[in-house]
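Residues in the sequence shown are numbered from 26 upward in steps of one, following my numbering. Comments concern the structure below.
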Amino acid sequence: MRHALITAGTKGLGLKVTEALLKNGYSVTVTYYSDEKRAAELANQWDKNVLQLIKADVGNKADCEMLVKNALLFKGRIDLFIHNAGPYIFEKKKLVDYEDHEWNKMINGNLHSAYYLLKQIVPAMRVQHFGRIVFYGFQGANNAPGWIYRSAYAAAKVGLVSLMKTISIEEAEYGITANMVCPGNIMGEMKEASIEEARHQTDNNTPIGRSGTGEDIARTVLFLSEDEADMVTGTVIEVTGGVDVIHRYR
């Protein structure tokens, strides 16, 4: 049985990925930050032999080390690492209007956290001679675009693109792949919706005519996680339905 570690996997896009993994035979270690209720709801739906929940702040180095240690104790291996967690500031702000703590939260949660976790996870994957690493980004991140009012988030995610590509090269000899999935404009209840549900709701803001869903993201992650997906590495995959995410928020 393959074992996956997913950060922030108890609600939103993360929940759909967690559920997809469990339904496809993975055991999963899942983190949550503060929502005890949603964590308990998920725990009650699955056997403790296949699901482990851990409260952790991925922007904290000590929490990251604790998380990986417990994931390895749970199943003895980590085959798949999905870094779903990543803080975001919804208020539109220019760079000069950021407070230091806001900037640091974006960088720590989205970029430093990847470093903390990879330092612990990659050595375990090397021993296995197998690993799948999946990060999340935003549309256009592969080309390092400017994103007005989102400077901290954009800087962290674009940095993560380069980190992902570097890891994909450095660790290829160990059977480890690294990729990034970039969701489109998936908002509110659609984060936990199915594709079928989305097809019953017209979305005129998305070229394909429906909103993206958590299931769209989960299906993409599942593909990248397959043993046979080893030729796909160092890649940024956009799951947007053709919508222009960046300019939509100007």
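A virtual CB, placed ideally from N, CA and C, is assigned to each residue, including glycine.
DSSP-derived helix/strand/coil call for residue i
i, result
"Tyr123", "coil"
"Gly156", "strand"
"His108", "strand"
"Lys80", "strand"
"Val257", "coil"
"Pro148", "helix"
"Ser193", "helix"
"Glu263", "strand"
"Val268", "coil"
"Met131", "helix"
"Ala139", "helix"
"Val186", "helix"
"Ala33", "coil"
"Val42", "helix"
"Tyr274", "Low local confidence applies: a pLDDT of 47 at Tyr274 is under 50, so the model's placement there is unreliable, and no value is given."
Neighbourhood of residue i by C-beta distance below 7 Å, restricted to the same chain and skipping five residues each side
i, result
"Ala149", "Leu97, Arg102, Ile103"
"Tyr141", "Lys86, Cys89"
"His137", "Gly84"
"Val270", "Phe163, Gln164, Gly209, Asn210"
"Ala277", "This structure leaves residue 277 out entirely; the chain is present only between 26 and 275."
"Asp60", "Thr35, Lys36"
Range covered by the beta strand (DSSP E) that runs through residue i
i, result
"Asn95", "No beta strand (DSSP E) contains Asn95, which is instead part of the alpha helix (DSSP H) from 86-100."
"Val55", "52-57"
"Ala166", "Here Ala166 belongs to no beta strand (DSSP E), and DSSP marks it neither H nor E."
"Ala64", "Counting along the chain, Ala64 falls outside any beta strand (DSSP E), though it belongs to the alpha helix (DSSP H) covering 61-70."
"Met205", "201-208"
Same chain only: Cβ atoms within 8 Å of residue i, ignoring 5 sequence neighbours per side
i, result
"Asn135", "Gly111, Pro112, Tyr178, Ala181, Lys182, Leu185"
"Asn168", "none"
"Lys62", "none"
"Leu249", "Arg157, Val159, Thr202, Asn204, Val206, Val257, Ile262"
"His154", "Tyr199, Gly200"
"Asp72", "none"
Residue range of the alpha helix (DSSP H) that includes residue i
i, result
"Val246", "239-250"
"Ile220", "220-223"
Backbone CA spacing between residue i and residue j [nearest angstrom]
i, j, result
"Thr227", "Ile233", "9 Å"
"Leu47", "Gly266", "26 Å"
"Ser193", "Met205", "11 Å"
"Thr43", "Val121", "38 Å"
"Ala203", "Leu40", "21 Å"
"Gly237", "Gly209", "7 Å"
"Val246", "Thr54", "16 Å"
"Arg224", "Arg235", "6 Å"
"Met212", "Gln70", "25 Å"
"Leu76", "Lys144", "23 Å"
Close Cβ partners of residue i (< 6 Å) along its chain, the five nearest in sequence each way excluded
i, result
"Ala68", "Leu78"
"Arg151", "Tyr199"
"Met26", "Ser52"
"Ile220", "Thr238, Glu240"
"Glu124", "none"
Do the segment 105-120 and the segment 30-50 touch if we need at least three Cβ pairs shorter than 8 Å? yes
Is it a yes or a no for the segment 257-274 touching the segment 181-197, going by three-plus beta-carbon pairs under 8 Å? yes
Does the segment 234-251 touch the segment 148-165, meaning 3 or more C-beta pairs lie closer than 8 Å? yes
Report yes or no: do the segment 249-259 and the segment 69-83 share at least 3 C-beta pairs separated by less than 8 Å? no
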